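Mapping of the sequence shown onto UniProt numbering: residues 1 to 140, in sequence order. Idealized CB from N, CA, C, for every residue including glycine. Here the structure is a predicted model, which is why all the values come from computation and not from measurement. Comments concern the structure below.
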Amino acid sequence: MQKENEIYNETGVIKFPRGVYGFEGEKSFKISIPDESTPLAYLQEISSNLRFIVVDAFSVFKDYDVVIEKYDADAINLEKEEDAIVLCIVNMKNPVEDSTVNLLAPLVINKKNKVGIQIIMDKSSYSVEEPLFLETKCNK
């Protein structure tokens with residue numbers, strides 16, 4: 001699945017019945033966009049201080065190709081690809097130019113029912129630490 005840039009200005013609570021890997025007990029999140037001039041957003045767990053920085057990977061990685069297996073789509077009742085929002089967790093580093101993105105295990109959210117799942121694309125060549133600012137690194 002490939003998508004054009006998508007603005008993910010979702011309101012309301014997004015449920016992750018299985019949680020997010022490493023945080024399986026955290027199941028209810030909200031998306032907030034701190035600065036609309038960047039593709040980054042927060043995925044904030046509503047009852048704790050847990051907050052992930054996420055990115056709409058399609059806005060940064062133009063050739064990113066997500067394959068959602070049927071069992072994953074079924075788990076969130078995703079019937080059409082266009083109903084999916086795909087976000088990837090960012091690992092911010094110092095300096096910020098060294099930050100990475102987990103393209104191997106994206107978060108897939110069904111925007112119709114606001115249910116999400118983190119999938120692992122084990123048949124892909126993506127990494128959990130893809131450089132976020134690849135162009136910056138290439139120009140050094």
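With a CB to CB cut of under 7 Å and the five nearest residues on each side skipped, what residues in its chain are close to residue i?
| i | result |
| --- | --- |
| residue 18 | 24, 117 |
Please report how far the alpha carbon of residue i lies from the alpha carbon of residue j, in whole angstroms.
| i | j | result |
| --- | --- | --- |
| residue 93 | residue 133 | 11 Å |
| residue 34 | residue 80 | 29 Å |
| residue 15 | residue 115 | 5 Å |
| residue 58 | residue 95 | 23 Å |
| residue 52 | residue 105 | 14 Å |
| residue 12 | residue 122 | 31 Å |
| residue 89 | residue 98 | 15 Å |
I need the DSSP call for residue i, collapsed to helix, strand or coil.
| i | result |
| --- | --- |
| residue 29 | strand |
| residue 84 | strand |
| residue 23 | strand |
| residue 66 | coil |
| residue 104 | coil |
| residue 54 | strand |
| residue 36 | coil |
Grab me the residues of residue i's own chain with a C-beta within less than 6 Å of its C-beta, minus the 5 sequence neighbours each way, in chain order.
| i | result |
| --- | --- |
| residue 111 | 83, 85 |
| residue 41 | 31, 33, 54 |
| residue 75 | 117 |
| residue 129 | 100 |
So residue i and residue j are in contact, right, with Cβ under 8 Å, and what is the actual spacing, rounded?
| i | j | result |
| --- | --- | --- |
| residue 103 | residue 126 | 4 Å |
Spatial neighbours of residue i within its chain, please: C-beta separation below 8 Å, excluding the five flanking residues on both sides.
| i | result |
| --- | --- |
| residue 60 | 39, 101, 132 |
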